[in-house]
Amino acid sequence: MTVARLRHGRVSLAFSFFVQGVTFALLVTRIPAIQDRYGISDGLLPAFLAAVPILAGVGSVVTEHLVKRIDPRLVLRWSQPVVLLALLGVGAGSELWEVALSLAAFGLAVGALDASMNMIGVSLQRAYGRSIMLGFHAAYSLGGIAGASLAWAGAHWDLSLFVSYLPVVAVLVPAALVGSRWYARGGIAAEQEQERAKGGAQPVVFKALLPLCLVMTFAYIGDSTVSNWSAKYLEDVLGSSDEVATVPYNVYMVTTLIGRTLGDFGVRRYGAVAVVRFGTVLAALGFAVVAAAPGAWIGIAGFTLLGFGLCVLVPQTFAAAGRMFPGASDTAIARLNIFNYVGFLIGSPLVGALGDAWSYRGAMLVPMALVLLTLVYARSFAAEADRYGEGHERPRAVDVG
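Just so you know, the sequence shown maps onto residues 4 to 404 in our numbering.
Structure follows, in structure tokens:
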């Protein structure tokens, strides 16, 4: 594969991550408006919200089997427009069955999208021979900031969901399809083809993958805690105003973007294990500061630490799965991706239940303890045959920028 082809592939995949960040933010930040539009009761809303990650998990499982027959680039090329059109469907309907159908399509397609994006990203990282996965997830964070800003503008100007979503979808669907022409696959794809030619693929041993699955779950429990409870925590526990209560999530997104933008350099210099350990300690410290904060601005400082800490865990977990099973990377990533949604499903209800039964300050210590467990599994992020950082580069890596 030529250097230019790899560079184009890297840019086009980063754009795909960006588009997904925009799309997901436009959905989750307008949940109150979606609830009002369709008359979804407070009792029914959790079922709708839970259905999306459950179906995304199903989509990831289906993708695991699908990529055995077709290239992950094709899965990504066609799942991304489906996700965007499903978002538009959420804004266009008027009946409960219509939003249910749109959210079901969104969930299934987003599972395929997440899995295939990370499959391609890991294969490109292997071709580069150095850490670039954090950069892709930084593009996702940037898209999330852009999507949340667009959602704010739509709410500020009192635009309907359809009017808010239509121009975004109209621009991003053709842009994503054009960008998909340059998707590229690196070294992992060739190794998996060699395994198939030998008459069988490398087996993915779940016992070996389990530590990474647990880390993925812990990371998303932490992430969903910030996403769903930061505003309520600041307002109800720390006594902030409505305006200040919106600050923690925005700060969290910005610090996630900064941390991921710089994180690849840290992995190249110090290695994945060191970066994961540092991020874990920083995230745990952030939860501790939030739990002990005497006021709103100290709480915001804690959420800032959380953003810098948690941001490195998910990209490095996907990368570690690719290194652990180089001959079956796509399968490993599809299975690992399911635990993204497991963490999302567990995190918010867990903190809510503990907050109601005990205290919200105490509830913040539970995701802190779970995230700290990542230290137990940190060695799973090292792979002697394929290490990034500490001067170890793969000798057959293509020299690209």
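All residues carry an ideal CB built from backbone N, CA and C; glycine is no exception.
As the structure is a computational prediction, the values presented were derived from the model and not from experiment.
(message) Just to confirm my understanding: we take P324, look at its own chain, exclude 5 residues before and 5 after, and list those with CB closer than 6 Å. What are they?
(response) Sequence check: residue 324 is Ala here, not Pro. Beyond the five residues adjoining it in sequence on each side, A324 comes within less than 6 Å, by CB distance, of L215, A335, I336 and L339 in the same chain, given in chain order.
(message) Below 8 Å, how does it come out for the region 61-81 and the region 133-145: are there three or more Cβ pairs, yes or no?
(response) no
(request) Count the other C-beta atoms from every protein chain shown that fall within 10 angstroms of the C-beta of H68, then say buried if there are 16 or more, exposed otherwise. (result) Counting Cβ neighbours within 10 Å, H68 comes out exposed, since fewer than 16 surround it.
(request) Pick helix, strand or coil for Y407, following the three-state DSSP scheme. (result) Look at the range of the chain in this structure, 4 to 404, and you will see that residue 407 is not part of it.
(request) For V125, collect the residues of the same chain with a Cβ closer than 8 Å to its Cβ; drop the 5 residues on either side in sequence, then sort them by chain order. (result) M136, I191, F321, A322, A324, G325, S332 and I336
(request) Excluding the 5 residues preceding and the 5 following H11 in the sequence, name in chain order all residues of the same chain whose CB lies nearer than 8 Å to its CB. (result) W185 and A187
(request) Please name the residue in A295, Y168, G330 and V284 whose C-alpha comes closest to that of L313. (result) V284
(message) Using the three-state DSSP reduction, which class does L241 fall into: helix, strand or coil?
(response) In this structure, L241 counts as coil in the three-state DSSP scheme.
(message) Starting from T228, trace the alpha helix (DSSP H) in both directions and tell me its first and last residue.
(response) F209 to K235
(message) Assuming G266 is part of the alpha helix (DSSP H), what are its boundary residues?
(response) V250 to Y273
(request) Could you check which residue in T259, L237 and L164 has the C-alpha nearest to that of V315? (result) T259
(request) Consult DSSP for G46 and reduce its assignment to one of helix, strand or coil. (result) coil
(message) Could you give the first and the last residue of the continuous alpha helix (DSSP H) run that contains L334?
(response) The amino acid at residue 334 is misidentified as Leu; the sequence shows Thr. Start and end: S332 to A360.
(request) Enumerate in chain order the residues of its own chain whose CB-to-CB distance from S82 is below 7 Å, with the five nearest sequence positions on each side excluded. (result) A112, A115, L116 and S119
(request) Sort A296, V55, A28 and R13 by Cα distance to A128 and report the nearest one. (result) Sequence inspection shows Gln at residue 128; the Ala mentioned does not correspond to that position. Residue R13 is the option with its Cα nearest to Q128.
(message) So for W100, helix, strand or coil by DSSP?
(response) helix
(request) Note the first and the last residue of the continuous alpha helix (DSSP H) segment covering N89. (result) The identity of residue 89 in the sequence shown is Ala, whereas the question assumes Asn. That run of the alpha helix (DSSP H) goes P75 to A95.
(request) Using beta-carbon positions only, say whether A154 and L29 come within less than 8 Å of one another. (result) Going by beta carbons, A154 and L29 fall inside the 8 Å limit.
(request) Consult DSSP for G138 and reduce its assignment to one of helix, strand or coil. (result) Three-state DSSP puts G138 in a helix.
(request) Could you name the residues of the same chain whose beta carbon sits closer than 8 Å to that of F21, not counting the 5 residues immediately before and after it, in chain order? (result) In chain order, A142, Y143, L145, G146 and A149 place their CB closer than 8 Å to the CB of F21, counting only its own chain and leaving out the 5 sequence neighbours on each side.
(message) Quick check: the Cα distance between A248 and S351, rounded to an integer number of angstroms?
(response) Their backbone Cα atoms lie some 18 Å apart in a straight line.
(request) Work out the CA separation of S19 and A7 for me, nearest whole Å. (result) 18 Å
(request) Have a look at R40 and V93 and give me their C-alpha separation to the nearest angstrom. (result) 10 Å
(request) Whole angstroms is fine: what's the gap from S44's alpha carbon to P35's? (result) 11 Å
(request) Identify, in the order they occur along the chain, each residue of the same chain with its Cβ nearer than 6 Å to the Cβ of V345, setting aside the five sequence neighbours on each side. (result) T220
(request) Output the distance between the C-alpha atoms of A381 and V279, rounded to the nearest integer angstrom. (result) If you take the alpha carbons of A381 and V279, they lie about 7 Å apart.
(request) Count the CB pairs spanning the region 41-61 and the region 103-112 that are closer than 8 Å, and state whether there are at least three. (result) yes
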